[in-house]
Amino acid sequence: MVAPAAVALCLGSLGTAQAATGTATDPLAPLYLTGNRAPATAAPAGDTPRDYVVVLKDHPSAVRTTADGRAAVAARTTAAAERGRGSGAGRVKALTALGAYTASFDTASLAAVRKDPEVLFVSEPARASATETWGLDRVDQRSLPLSNSYSPLLTGQGVHAYVIDSGINLGHTEFSGRIESGYSPLGGSANDCNGHGTHVAGTIAGRTWGVAKGAVVVPVRALGCDGNSVGSSIEDGIDWVISNATKPAVANMSLRGPANASLDYAVRCLAQSGVLTAVASGNDGGSCYDWSPGREPVAITVGASNSNDQQTSFTNAGGCVDVVAPGQAITSAWTGSSTASATISGTSMATPHVVGALAMYAQANPSATQAMAEQAIISTSTKGALDSGSLRGSPNRLLFVNGFGGTTPTPTPTPTPGNAVVNGGFESGSTGWSTSTGPITDRTSRPAHTGSWKLWLGGNGFAADEFAQQTMTVPSNGRLTYWIAIDTSETDPCTAYDRATVSVGGTTVASYSNRSRTNGYVQQSVDLSRWAGQTVTLRFASSEDANLQTSFVIDDVAVQ
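Residue numbers (the working numbering): 2 to 561.
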C-alpha cells in the first residue's frame, strides 16, 4: 500500500517529528488534532478538560513479541500514566500493550505532559463510526457470470477473528459453538445493540453467510448502540486485542473517522503484533488518504464492489486501497433474534470478506506476518476484472479466496520439472545466478529449507546492499513460489530499518522488512501471468542499515 506523502505519522517520519520538536526552544511533544495530518501549532483554546491519547516512545526493551518485552512496555506505560496523573490529568487509563495512555487534560496539565521526555506524541482520540450471498459467490471465482455456489478450499479452522465494532449478537445461530465473550471498552458485555458488528462477523465466519465458516469470532464492542465510538474506546479495544489475542488471529475494523494519529498508531501496532488486520476505506466517496484507519499503510485497506464488478461510488478510493471486495447489497446476520438477518451496503461489508480470506490464509500459514498476508491477498487477487472507469485511483484487484491452497505443499530438494528458474534450490552454489559478494551459501548458522545451500540476504549488522538475480522466460500462467525465513536483532517493532524486495522485470512483487519476522520458513506465491512469454529478470535484494542485523533467507525458488 502506498503511504500518504503528507501523513506526518508514518513510522519513517516519527524520528523527524521528534527531531523537529525536541529542541530547547520548543520542548513540547507533537500534538495531533483529529482531521489534521500535520501537528497542531497550538493546543485548543479554553481550559475545559479534553480527552487525549498519549503515545510513548519505544525503547530497545520494547520487543512486544516476547513476554519480557511486553512486561517492559507495560511497566513504562504504567509509570508514564502515573506521571500524567501527577501532572493533573484526570480519568487516566494505561493502554499497556500499545505503550500509551488515555486521560483528560486541561491546558496546564497537557503542556506538562508534552514536556515528558518519554512522550512521542499526543493525539485527540479517534472519532469513528460504522460505515449465500452474491459476495460469497463472487470471491471464489475469477470472472462473471456467477456460478450460484460457494466452494472454499479452506475454512479458517483454528483461527480467531477479532471484530472491533459494535459487538456481536452473542446468541445468533450463525456462530453457535464458535463465539467467545470478548471485551467491551464501553462497559457491560460485548453483545451487539446496533447490528453492524453482527453483520460484519456473519460475513467473516457465519455458518450461512461467512467466508471462513470454521473460524472463531470474538467481539470487541468499541462502538456504541448508535454506531459511534466513545472517547478512546477504539484504542482501548485494540490494546485489549494485542494483549489477549489467541493466534493465529485476524482483525476486522469496519469503521472510519477523520484522519487521526492515535488510531493509525494503534492499528499499526495491532498489525505488527501478529494479528492480520484489514480495515475499511470508508463510505464518503472521496479520497482514502483523508480517513483513518484506511490511510494507515501497514493495514490492508479495502474498497467495495457491486455485482457488476464496479467499485462503488461511495468507496473512499485511491492508492491506499489494497484490494476491492463485494460490498453492495450484502446479506448477513443481525440483531433482534437468534436468526435475524439484514441486507446492507458499504466498505464495512467488503472488509469482512477480506478478513475471512485472511483467516483462510492464516489457517494455511499460521506464522505469517502482516506483510506476508497482504502480499498473499494482493498476489492472489483477480487482476483487471473491475470496471476501470469506476476505480478513481484504486488498484484493479478483486478479492479471490481460493488462492491459498488447501494444505501447505511439501517441496522436494531437487528442481521441479518445468521450473524456469535455474538452480532454484541453490544446491549448485551460484550457478545460474548473478549476485553480490557471497549471499548464496551453505553456512550452517541459518538453515536451508531443503538441502544445505540457500540465498542469505542481510545478516550483517552494518550498512550493506545485497542481491541475487537471473534472467528467465515466464511460462503461460506462470507462478513464482519461494520459501523465506526472516529473523532480526532489531528491537523496535514499528519501524522498518532493514528491507528486502522481490522484483520481476523491474516491478516489485513482494517486500519485507525487520517487521516481517517469521517463525521459520513460510512459502510465498506470486502470480506472474502478466509477464507470460516475456524474458525478464527475477531479482531478490536487501538493504540493511548501520546497526542490528536482519536476515532474509530464501530457498526453493520456482517459476512454473
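Glycine residues also receive a C-beta, built at the ideal position from the N, C-alpha and C atoms.
Nothing here was measured: the structure is a model prediction, and the numbers come from that model.
For the pair Ile-180 and Gly-238, the CB atoms are not nearer than the 9 Å cut-off. Secondary structure at Leu-264: helix, using DSSP grouped into helix, strand and coil.
Around the beta-carbon of Gly-390, fewer than 16 other beta-carbon atoms lie within 10 Å, marking it exposed.
In the pairwise beta carbon analysis, the segment 455 to 464 is classified as touching the segment 424 to 441: at least three pairs are separated by under 8 Å.
Comparing C-alpha distances from Gly-506 to each of Trp-532, Gly-521, Gly-462 shows the shortest one belongs to Trp-532. Note on the segment 281 to 320: whole beta strand (DSSP E) runs with a minimum of 3 residues are 301 to 306, in chain order. Cα atoms of Ser-150 and Gly-196: separation of roughly 26 Å, rounded to the nearest angstrom. Of the other Cβ atoms in all chains shown, fewer than 16 fall within 10 Å of the Cβ of Gly-178; this residue is therefore exposed. For Ala-334 and Asn-461, the gap between their C-alpha atoms comes out near 52 Å. Spatial neighbours of Gly-357 in its own chain (CB-CB distance under 6 Å, excluding positions within 5 residues in sequence) are listed in chain order as Ile-205, Val-212, Ala-213. Look at Val-114 here: in three-state DSSP terms it is helix.
For the segment 196 to 235, the continuous beta strand (DSSP E) assignments of 3+ residues that do not extend past its boundaries occur at 217 to 222, in sequence order.
DSSP places Gly-87 in the helix class (H, G or I) of the three-state scheme. A straight line joining the alpha-carbon of Ser-88 with that of Val-114 spans about 7 Å. In this structure, Leu-392 lies away from Ala-326, with their beta-carbon atoms at least 9 Å apart. Here Ala-104 is buried, its C-beta having at least 16 other C-beta atoms within 10 Å. Residue pairing from DSSP places Met-254 in a beta bridge opposite Val-280. Ala-246 and Thr-536 have their C-alpha atoms spaced approximately 45 Å apart. Assignment of beta-bridge partners to Tyr-513 by DSSP yields Ala-501.
Note that the segment 499 to 516 does not touch the segment 423 to 433; fewer than 3 beta-carbon pairs, one per stretch, sit closer than 8 Å.
Ala-44 sits in coil when the DSSP states are folded into three classes, being neither helix nor strand. No Cβ-Cβ contact shorter than 9 Å links Leu-111 with Tyr-266. Contact between Ser-233 and Pro-126 holds: CB atoms are separated by about 4 Å, below the 8 Å threshold. Residue pairing by DSSP places Ser-431 opposite no residue, since no beta bridge is assigned to it. Counting C-beta pairs with one atom in each stretch, the segment 286 to 304 and the segment 152 to 162 have fewer than three that are closer than 8 Å, which means they do not touch.
For Trp-457, the enclosing beta strand (DSSP E) begins and ends at 455 to 459. A straight-line Cα-Cα distance of about 18 Å links Ala-109 and Tyr-102. Rounded to the nearest whole angstrom, the CA to CA distance from Arg-128 to Trp-241 is 18 Å. Excluding the 5 residues flanking it on each side, Val-201 has same chain C-beta neighbours closer than 8 Å at Val-164, Asp-166, Asn-253, Ser-255, Ser-333, Ser-349, Met-350, Thr-352, Pro-353, in chain order. Check the Cα spacing between Arg-222 and each of Pro-186, Val-355, Gly-36, Val-231: the tightest is with Pro-186. Gly-286 and Gly-347 have their C-alpha atoms some 11 Å from each other. The beta-bridge partner set that DSSP reports for Pro-259 consists of Trp-292. DSSP, read as helix, strand or coil, puts Tyr-151 in coil. In this structure, Gly-172 lies away from Cys-194, with their beta-carbon atoms at least 9 Å apart.
Around the Cβ of Ala-377, a 10 Å sphere holds 16 or more other Cβ atoms; the residue is buried. Where Val-140 is concerned, the enclosing alpha helix (DSSP H) starts and stops at 135 to 140.
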